[in-house]
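Asker: Residue numbering for the sequence shown follows numbering that gives the first Met the number 0, starting at 0 and increasing by one per position.
The C-beta atom is built at its ideal place from N, Cα and C for all residues, glycine as well.
Sharing a structure below in C-alpha cells format, with a few things to ask.
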Amino acid sequence: MSQQVRGVIARSKGAPVEIATITIPDPGPGEVIVKVQACGVCHTDLHYREGGINDDFPFLLGHEAAGVVDEVGPGVESVAVGDFVILNWRAVCGECRACKRGRPQYCFDTHNATQKMTLDDGTELTPALGIGAFADKTLVAAGQCTKVDPSADPAVVGLLGCGVMAGLGAAVNTGNVSRGDSVAVIGCGGVGGAAIMGARLAGATTIIAIDRDERKLTTALGLGATHTVDATATDVVEAVQELTGGFGADVVVDAVGRPATWEQAFYARDLAGTVVLVGVPTPEMRLDMPMIDFFSRGGSLKSSWYGDCLPERDFPMLVDLYQQGRLPLDKFVTERISLDAVEKAFDAMHRGDVLRSVVEF
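Here is the structure:
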C-alpha cells in the first residue's frame, strides 16, 4: 500500500521551497524505500530550485543522505530491511561498455527508481539526482543504496552522497594525488574543502588553498591546507609558483568551474602536471587560450564527475577511516537543522556562512 510522508519541494523556478505531502508507492522490482535520517543541503539542490538543472518542476529536493532501508521490492538482494545506507546517484548498470571493461565508476547507463513519487493530487515529482531525500522517506533504486557501518553518524557520512565525495574523489581518484605531491585547490567551499582533505589523506606535502573569502581559507587550514592564497589580494598563478619552488603544483583542482579559475589552474600547474575540473560550469561559458600552450605544457586535463567514485568501493572505506579518526568528515557539518529550515539554509549557503547545513529527521 502506498504511504504519505512530508517532503520539501520546489514548485517553480525561483519560488521558495515548501513542505508538502508526498505519496510513495510500494517498491517495485529492484526498488527500495529508505527512511531518511539526515540529508545535507547542497548547491545542486539550489540549482534545481533555480531551474539551473532542467525545468521538470515540481522537484522533490535533497540527495546527500543516509538512512535505514524500510522496504524492499521484488528481486532486491543487495540490501535488506534495517540496513543503514548512504544514498548515491550513480547506481551502475553492470552491462554498459564501461562496466564490461572493468570501469564501473564511469558507468554510462546509471539508473534510478522506475516509479514516480507524487504529490497528493497525483502530480509526478522529479527527485533531485534521482533521490529526493528532503523527505521522511524516499523511493530509490536498490543500487543507489550502499551499506556502511551502522554506528556512523548519519548527518556526517550522508555527505559522502555528493559534495564531499566529489571533492575528495577529485583529488584521490581523478587527480591521483600521491605522497609528496604539491596540490592547489581553487575554491574552498564544501567540494574544495573535501579536495583538500583528500589531498592530505593521500600524503600530499604542500596543499595550497585558494579563495576570495577569508573565512573559507581559515576553514581550509583546519581541513589540511598548508598554505592559503587570497585571490583578491594576489596573482593566483604567481602565488602557487612561489610556494612550489617556482614550478607550479603537481595537481590543481578547480572547484569553482569558471573560465577564469580554470585558466588559473592550467597555468598554476607544473609542466606535465594535472588539472582537475570538479566545479560545474554553465553551458554558455567558453575558453579562449593559445592552443600552443596545451601542446607545450603536456600533462593531463581532466574532468571529475562525482569524484570518479564507485560507491560500493569508496563509501565503506571512507566511513571506516572516519570512524577510526583518520578522516574528520564531521568538520563539514556546520549546523544541524529541521526540515522546515531548508530555505534559510539556502540563504546561509549564498552568504558563505556554512560548509554544510544538514537536515536531521
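Determine the extent of the beta strand (DSSP E) in which A19 is found, giving its start and end residues.
Answerer: E17 to I23
Asker: Please state whether the Cβ-Cβ distance between S337 and V357 is less than 8 Å.
Answerer: no
Asker: Which first and last residues belong to the beta strand (DSSP E) in which E63 is found?
Answerer: Unbroken beta strand (DSSP E) run through E63: E63 to V71.
Asker: Under 8 Å between the Cβ atoms of G168 and C308?
Answerer: yes
Asker: With 16 other CB atoms within 10 Å as the buried threshold, where does L159 fall?
Answerer: buried
Asker: Whose C-alpha, out of L59, T227 and G66, is nearest the C-alpha of V31?
Answerer: Across the set L59, T227 and G66, the C-alpha of G66 shows the shortest separation from the C-alpha of V31.
Asker: Using CA atoms only, rank isn't needed, just tell me which of F294, C98 and E241 is closest to A183.
Answerer: Taking only the C-alpha atoms, the option nearest A183 is E241.
Asker: Go to G362, then tell me how far its beta strand (DSSP E) extends in each direction, as first and last residue.
Answerer: Residue 362 lies beyond the stretch modelled for the chain, which goes from 0 to 360, so this question has no answer here.
Asker: Whole-angstrom Cβ separation of V12 and D135, contact assumed at under 8 Å?
Answerer: Here residue 12 turns out to be Lys, not Val, going by the sequence shown. Actually they are not in contact, since the Cβ atoms of K12 and D135 sit about 26 Å apart, beyond 8 Å.
Asker: Considering only the alpha carbon of each residue, which of E70, I52, D269 and L45 lies closest to S1?
Answerer: E70
Asker: Measuring alpha carbon to alpha carbon, tell me which residue in E311, G256 and Y266 is nearest S303.
Answerer: G256
Asker: Do G61 and A127 come within 8 Å of each other at the CB atom, strictly closer than that value?
Answerer: yes
Asker: What does the alpha-carbon distance come out to for the pair W261 and C161?
Answerer: Using only the alpha carbons, I get a separation of about 22 Å.
Asker: I'd like to know whether the C-beta atoms of Q114 and G27 end up nearer to each other than 8 Å.
Answerer: yes
Asker: Looking at the secondary structure, which residues open and close the alpha helix (DSSP H) in which K99 lies?
Answerer: R96 to K99
Asker: In the DSSP assignment, what residue or residues form a beta bridge with A208?
Answerer: For A208, which the question treats as bridged, DSSP gives the partners V184 and T227.
Asker: Taking 8 Å as the CB-CB cut-off, is F58 touching chain C?
Answerer: This model lacks chain C altogether, as it is built from one protein chain only.
Asker: Could you pull the start and end residues of the alpha helix (DSSP H) that S295 belongs to?
Answerer: Counting along the chain, the alpha helix (DSSP H) containing S295 begins and ends at M290 to R296.
Asker: Note down, in chain order, each residue of its chain lying with its Cβ closer than 6 Å to the Cβ of F265, except the 5 sequence neighbours on either side.
Answerer: V274
Asker: Indicate the three-state DSSP secondary structure (helix, strand or coil) for L326 in the structure shown.
Answerer: coil
Asker: Please give me, in chain order, every unbroken run of the beta strand (DSSP E) with length at least 3 that falls completely inside the stretch 106 to 185.
Answerer: Those beta strand (DSSP E) runs which fall completely within the stretch 106 to 185 and span 3+ residues are 136 to 140, 144 to 146 and 181 to 185.
Asker: Which runs of the alpha helix (DSSP H) spanning at least 4 residues fall entirely within the stretch 239 to 322, listed in chain order?
Answerer: 258 to 267, 290 to 296 and 310 to 322
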